[in-house]
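Just so it is clear: in the sequence shown, position 149 is 148 by numbering that gives the first Met the number 0, and no numbers are missing.
Encoded as structure tokens, the structure appears first; notes follow it.
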Amino acid sequence: MELFKKEKDVYEPIESLIGGGDDYHIYYMSASDRMIAGLIGAGIGGVVSYLFFHSIVVTVAAAAAVAVLAQGIYRESRQKKRKKELLLQFKDLLESLTTSYATGKNTLDSFRDAWNDLEQIYGDQADITTELAILVTGMENNIAIEDLLSNFANRSGLEDIASFADVFRVSLQGANIQKIIAATRDVINDKIEIEMEIQTIIAGNKNELNIMMVMPLVILVSLGGMGSDMTAASNTPVNVGIKVIALGMFYLAYHLGRKFTDIKI
């Protein structure tokens, strides 16, 4: 019988229409990112494993393993942070566009003004500055702004930008662009304010979760200070099995706790 191995689908990055834009679904870690992730992972893995098992071999192995696992966790964290920053920058873009349209400027000049404004605020290396350079350059090369915005929305992976691109496309058919941009800005502002209020409300729960995860380590330190002959601190086969299961339960509890407190609007 011939066996066929099913190939996994490989994600193809979305390219900008004129080049230069990133696909925000993907985060490429720099050397410093990898070093930071590795140090954090090794530190946590090493401390926890030593407190649980008091074995240099286990500590080194655990530190190396967690350092590798931390790469993916850190990458996801950085990607989420980048998207959040992009959304805040996009909000400022809408503010600038609203002002420019209110003075009677056309679409190209409005985006040019926004490019200059946001470059002064965020610098020429910011994501929104790069995207505005693509939008303006694309329009100067006779690429439709609605296509450029749709491409930006697809690469960003942000629903608010996608919604704005769709509404902007419709507005070009005769609707009041200034009012539509202002309305979109207000919706994003309200959404951000609600998210900030939610984060403030659940901040206490997150702190309690972190304290609960630290308490087992405090207990182990206390037991270790009572003497190496303490049953819970010894490394008998039964205790090792119990400690491994306990570590798995602590990780699962922390993972679920983070999921429950990660509320999206």
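Just so it is clear, CB atoms sit at the ideal spot from N, CA and C, and this is done for glycine as well.
query                                                                                                           : result
Cβ-based neighbour list, I179, same chain, cut-off 6 Å, excluding 5 preceding and 5 following                   : V166, S170
C-beta atoms of T106 and Q177 nearer than 8 Å                                                                   : no
Completely contained beta strand (DSSP E) runs for the stretch 37-90, where each covers 3 or more residues      : none
S162 at chain B interface by Cβ criterion, 8 Å                                                                  : No chain B appears in this structure, which consists of one protein chain only.
Spatial neighbours of A252 in its chain, beta-carbon cut-off 7 Å, leaving aside the 5 residues before and after : none
Beta-carbon proximity check, L85 vs Y26, cutoff 8 Å                                                             : no
Three-way DSSP call (helix, strand, coil) for Q177 in this model                                                : helix
Three-state secondary structure assigned by DSSP to I160                                                        : helix
C-alpha gap between V9 and S15, whole angstroms                                                                 : 19 Å
Complete alpha helix (DSSP H) runs within the stretch 96-154 (minimum length 4 residues, chain order)           : 106-121, 126-139
Host alpha helix (DSSP H) of G335 (start-end)                                                                   : There is simply no residue 335 to check, as the chain begins at 0 and stops at 264 in what is shown.
Through-space distance from G156 to N150, alpha-carbon basis                                                    : 10 Å
Contact check, P215 vs F163, beta carbons under 8 Å                                                             : no
Where the alpha helix (DSSP H) containing Y253 begins and where it ends                                         : 236-260
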